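Numbering (my numbering) for the sequence shown: 662 to 967.
All C-beta atoms, glycine included, are put in the ideal place defined by N, C-alpha and C.
Small disclaimer: the values here were computed from a predicted structure and weren't measured.
Notes for the one structure printed next.
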Amino acid sequence: MQFLGTFPGADIDPVLAQCFSVTARCGCFMQAARRLNIKATLLRKQLAQLETQLQCSLFSPSDNGVALSRDGLQLHAQLIALAHERDLPVIEQPQVRLAVAESILHDILGRDLVAMLRRNASVRLDIINLDSELSLQAVSADVVVWLAGTDSPLPGPSFAVAEPRRLARLDYLPHIAKRYSRVASRPESLDDLADFLLVQWQHDRQIDSFRPWNTLVEQRLAGVVQLHSYELMLEMVRCGACIGLLPGYMSRFDRGLTGLPELFSQPMQRQVWMAVNAETQNEVQVQTIVELIHNTFHERSEWFER
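This is the structure we're talking about:
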């Protein structure tokens with residue numbers, strides 16, 4: 662890129678010019694680094710390289726974000742004019758559609774997805790919440806993470822996918838908040854549950870492997886709350902002195918909760934499966950999401966150990 666006027670004869674590297682332009686637009690080094698999907702330290706290094714090349718200071722000290730110096734303002738104006746002159750197009754980012762079971766999105770993947778978005782503000786990601794078997798059958802996505810039986814991924818997505826992969830086996834237990842139950846008085850048998858309020862996520866009513874818990878809830882004539890929101894169900898266990906069926910890792914996700922493994926002798930289990938759309942599985946952005954999911958489950962592998 663040939664830069665004219667204020668800095669005659671200076672050849673500005675397009676990467677450095679983009680770093681400067683994005684920083685000037687965002688008014689914040691951190692936000693500019695997110696937009697460029699690079700570390701803030703690398704961005705500052707590239708901006709310093711540009712200042713060295715142009716032999717001037719492009720920024721002025723400021724308590725409120727990034728302030729451009731007089732030379733910085735002139736450079737920014739000329740880059741804008743050059744962009745308009747050349748009518749430079751905006752590079753479109755391909756959209757990645759990620760469909761995830763509601764509980765997995767909330768408990769396991771949510772934090773790492775947020776971290777990824779903090780690093781990369783230019784991503785186009787459509788996150789679809791799977792809250793029922795019907796929504797899984799109806800969804801169209803590039804990556805799907807869902808819960809099914811331990812032996813088979815069915816029922817799974819209805820569109821063509823590469824071979825589904827196992828991510829983790831989950832054991833489910835009734836849970837209670839520690840602050841609402843002393844160790845000595847925690848229920849150890851089904852009869853002990855008579856004085857406790859039970860809360861059930863409606864989605865779980867159709868899960869065959871949850872039959873022991875569902876049968877108990879159905880037999881209740883009082884002391885039952887049915888909810889359509891997983892997050893609200895979890896909040897009622899945390900803060901409402903309720904007992905609810907949750908994945909066995911929940912005591913690691915929330916140290917204030919504890920499982921009650923003595924209540925049911927029959928195991929209640931599900932398998933987390935992942936599949937990638939057969940048509941888009943080789944796209945770089947799709948592989949990035951797949952790698953993030955694999956890394957997340959690997960880093961939390963101790964959550965799923967019995």
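Please list the segments of the alpha helix (DSSP H) lying wholly inside the segment 862-889, counting only runs of 4 or more residues, in order along the chain.
872-880
Please determine if the segment 725-744 and the segment 761-781 are in contact, where contact requires at least 3 C-beta pairs separated by less than 8 Å.
No, because fewer than three Cβ pairs between the segment 725-744 and the segment 761-781 fall closer than 8 Å, the two stretches do not touch.
Pick out whichever of W807, V683, T713 and S718 has its Cα sitting closest to the Cα of A701.
Of W807, V683, T713 and S718, the residue nearest in Cα terms is V683.
Here's a check: name, in chain order, each residue in its chain whose Cβ is nearer than 6 Å to the Cβ of L858, leaving out the five neighbours to either side.
G884 and C903
Are L711 and A678 closer than 9 Å when you measure CB to CB?
Contact: yes.
Only counting the same chain, and skipping five residues up and downstream in sequence, which positions put a Cβ closer than 7 Å to that of Q948?
none
Using a Cβ-Cβ cutoff of less than 6 Å, which residues in the same chain neighbour G688 once the five nearest sequence positions on both sides are dropped?
G726 and V727
Is the Cβ of Q880 closer than 9 Å to any Cβ of chain B?
Here chain B cannot be found, since the structure has a single protein chain.
Find out if the Cβ-Cβ distance for the pair F958, L828 is shorter than 9 Å.
yes
What separation, rounded to the nearest whole angstrom, lies between the Cα atoms of L921 and E849?
7 Å
To the nearest angstrom, how far is it from the Cα of L851 to the Cα of L697?
56 Å
Using three-state DSSP, classify R772 as helix, strand or coil.
helix
Would DSSP call N790 helix, strand or coil?
Strand, per DSSP.
Drop a sphere of 10 angstroms on the beta-carbon of R866, count the other beta-carbons inside from all chains shown, and report buried for 16 or more, exposed for fewer.
Only exposed fits R866, as fewer than 16 other CB atoms lie within 10 angstroms of its CB.
Does DSSP put T941 in a helix, a strand or coil?
Note: T941 maps to coil in three-state DSSP.
Within the segment 693-739, note down every full beta strand (DSSP E) run reaching 3 residues or more, in order along the chain.
none
Alpha carbon to alpha carbon, how far is S796 from D856? Give it in angstroms, no decimals.
36 Å
If you count every other CB in all the chains shown that lies within 10 Å of the CB of P669, and 16 or more means buried, which is it?
Residue confidence is low: P669 scores 45 on pLDDT, short of 50, so the model does not pin down where it sits. No coordinate-derived value is stated.
Spell out the partners DSSP gives Q932 in its beta bridges.
Note: Q932 is bridge-paired with A809 and R830 in the DSSP secondary-structure output.
So, with DSSP's three-state summary, where would you put P922?
coil
Alpha carbon to alpha carbon, how far is Y833 from L906? Give it in angstroms, no decimals.
6 Å
What's the call for P818, buried or exposed, on a 16-neighbour Cβ count within 10 Å?
Burial is judged here by how many other beta carbons sit within 10 angstroms of a residue's own beta carbon; P818 has at least 16 and is buried.
Can you tell me whether V804 is helix, strand or coil according to DSSP?
Look at V804 here: in three-state DSSP terms it is strand.
So is Q663 buried or exposed if we call it buried at 16+ other beta carbons inside 10 Å?
The predicted model places Q663 with a pLDDT of 44, which falls under 50 and marks its position as unreliable; any figure quoted below should be read in that light. Exposed: under 16 other Cβ atoms inside 10 Å.
Quick check: the Cα distance between N938 and E794, rounded to an integer number of angstroms?
18 Å
Keeping to the same chain, check which residues put their C-beta closer than 7 Å to that of E892; ignore five residues upstream and five downstream.
H767
M929 to A694, Cα distance in whole Å?
45 Å
Rounded to whole angstroms, what is the Cα-Cα separation between I673 and R731?
18 Å
Where does I814 land, buried or exposed, given buried means 16+ other C-beta within 10 angstroms?
A quick correction: the sequence has Pro, not Ile, at residue 814. Looking at its Cβ environment, which holds 16 or more other Cβ atoms inside 10 Å, P814 is buried.
In the DSSP assignment, the beta strand (DSSP E) including Q903 goes from what residue to what residue?
Here residue 903 turns out to be Cys, not Gln, going by the sequence shown. Unbroken beta strand (DSSP E) run through C903: C903 to P908.
Distance check for N943 and G733, CA to CA, integer angstroms please.
42 Å
What residue from A821, F914 and L918 has the CA that sits closest to R772's CA?
F914
How is the beta strand (DSSP E) around L759 delimited, first residue to last?
V757 to A762
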